[in-house]
Amino acid sequence: MNGLQSASPTGAQDLTQLIGEVIESPTIDNGPLVWPPAIGWWIITALLIIVCIVIVIKTRQYLQKRAEYRFLNNALESLSAPDSSASSDEKAEFIRQLNRALKAISIQKYGAAQVAALSGKAWLQFLDQSGQCNHFTQGAGQVFGVGLYQKSLPNEPDLEHLKELCEQWCKEVCQ
719 MNGLQSASPT
729 GAQDLTQLIG
739 EVIESPTIDN
749 GPLVWPPAIG
759 WWIITALLII
769 VCIVIVIKTR
779 QYLQKRAEYR
789 FLNNALESLS
799 APDSSASSDE
809 KAEFIRQLNR
819 ALKAISIQKY
829 GAAQVAALSG
839 KAWLQFLDQS
849 GQCNHFTQGA
859 GQVFGVGLYQ
869 KSLPNEPDLE
879 HLKELCEQWC
889 KEVCQ
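For the sequence shown, my numbering assigns the number 719 to the initial residue and increments by one for each residue that follows.
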C-alpha cells in the first residue's frame, strides 16, 4: 500500500503535467477542410456544368437537324421522275408530287402559318428566298407557280432537272 500511496501523487502529478503540456502545445494541423471547397472549385464546377449543358443542347440540335434533313431528303428521293414516254398526266402528277414535297418540307422547316397559304408567285418567291436562288421565279421551277393546276403543261419541263433543283433547294434549306 505504501507503494500505491507514493505512486498516486506522482502519477496524478504526471497526468496533470501531461494534460498541461497537451493544452499548451500547438495543435496538429490537418490541412484545409475538404468541405466546403474553395471558391475556385465552385467556379470550376459551375463552368463544367455549363459546358456539359451546352454540349447536350448542341448535340440534340445536331441530331434533330440531321433527322430532319434525312426526312426531307427521303421525301424527295422517294419520288422518281417518269420517263420521257410517260403521258403528260403522269408528268403533271409528278410535278404536283414534287410541289407537295416542297410544301411539306417548307411547313416542317418554317411552320404552317408562314407557308401553308402560299401559292403562285408568292410561293415561287418564298422558294427562291429560302433556297437563296432564283430558279423558281426565273428558271425551271416556274412550273410550280402556274403549271400545277393545268391539265397539260405548256412547255415540257425536264423532270430530272426539276427534281435535282428541288434536291438542291432542300440541301440549302436544311443547312
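C-beta: ideal position from N, C-alpha, C; glycine also.
inquiry  = On the CB-based measure, 16 or more other CB atoms within 10 Å of its CB, does Lys783 come out buried or exposed?
reply    = With fewer than 16 other CB atoms across the displayed protein chains lying within 10 angstroms of its CB, Lys783 is exposed.
Cβ neighbours of Ala819 in the same chain (closer than 6 Å, five flanking residues each side left out) = Correct list, in chain order: Ala793, Leu794.
inquiry  = Within 8 Å, do at least three Cβ pairs link the stretch 824-840 to the stretch 798-813?
reply    = The stretch 798-813 vs the stretch 824-840: no contact.
ask   = Once you ignore the five residues that flank Phe854 on each side, which residues in its own chain have a CB closer than 6 Å to its CB?
value = The residues Leu842, Leu845, Asp846, in chain order, have a CB closer than 6 Å to that of Phe854 in the same chain once the five nearest residues on each side in sequence are set aside.
query = Comparing alpha-carbon positions, which option in Ser805, Ser806, Gly829, Leu797 lies nearest Asn817?
reply = Out of Ser805, Ser806, Gly829, Leu797, Leu797 has the C-alpha closest to the C-alpha of Asn817.
query = Which stretch, first to last residue, makes up the alpha helix (DSSP H) that contains Ala785?
reply = Note, Ala785: alpha helix (DSSP H), 757-795.
query = Is it right to say Met719 is buried, meaning 16 or more other beta carbons lie within 10 angstroms of its own, or is it exposed?
reply = At Met719 the pLDDT is 45, less than 50, meaning the model places this residue with poor confidence; the figure from the coordinates comes in the next sentence. With fewer than 16 neighbouring CB atoms inside 10 Å of its own CB, Met719 falls in the exposed class.
task = For Glu890, count neighbouring Cβ atoms within 10 angstroms of its own Cβ and tell me buried if that reaches 16, exposed if not.
result = Looking at its Cβ environment, which holds fewer than 16 other Cβ atoms inside 10 Å, Glu890 is exposed.
inquiry  = Mapping the DSSP letters down to three states, classify Asn748 as helix, strand or coil.
reply    = Here Asn748 sits in coil by DSSP.
ask   = With a CB to CB cut of under 8 Å and the five nearest residues on each side skipped, what residues in its chain are close to Tyr828?
value = Hits under 8 Å: Ser848.
ask   = Does DSSP put Glu885 in a helix, in a strand, or in coil?
value = Correct three-state label for Glu885: helix.
query = Given a threshold of 16 other Cβ atoms within 10 Å of its Cβ, counted over all protein chains shown, does Val769 qualify as buried or as exposed?
reply = Burial call: exposed.
inquiry  = On the DSSP letters alone, give me the boundaries of the alpha helix (DSSP H) that Asp807 sits inside.
reply    = Here the alpha helix (DSSP H) through Asp807 covers 806-828.
Lys821 versus Gln832: straight-line alpha-carbon distance, rounded = CA-CA distance, Lys821 to Gln832, rounds to 11 Å.
Start-to-end residues for the alpha helix (DSSP H) that takes in Tyr846 = The sequence as given places Asp at residue 846; Tyr does not occur at that position. Start and end: 838-849.
query = So Ile823 packs on Leu781, CB below 8 Å; how close in whole Å?
reply = 19 Å between Cβ atoms; not a contact.
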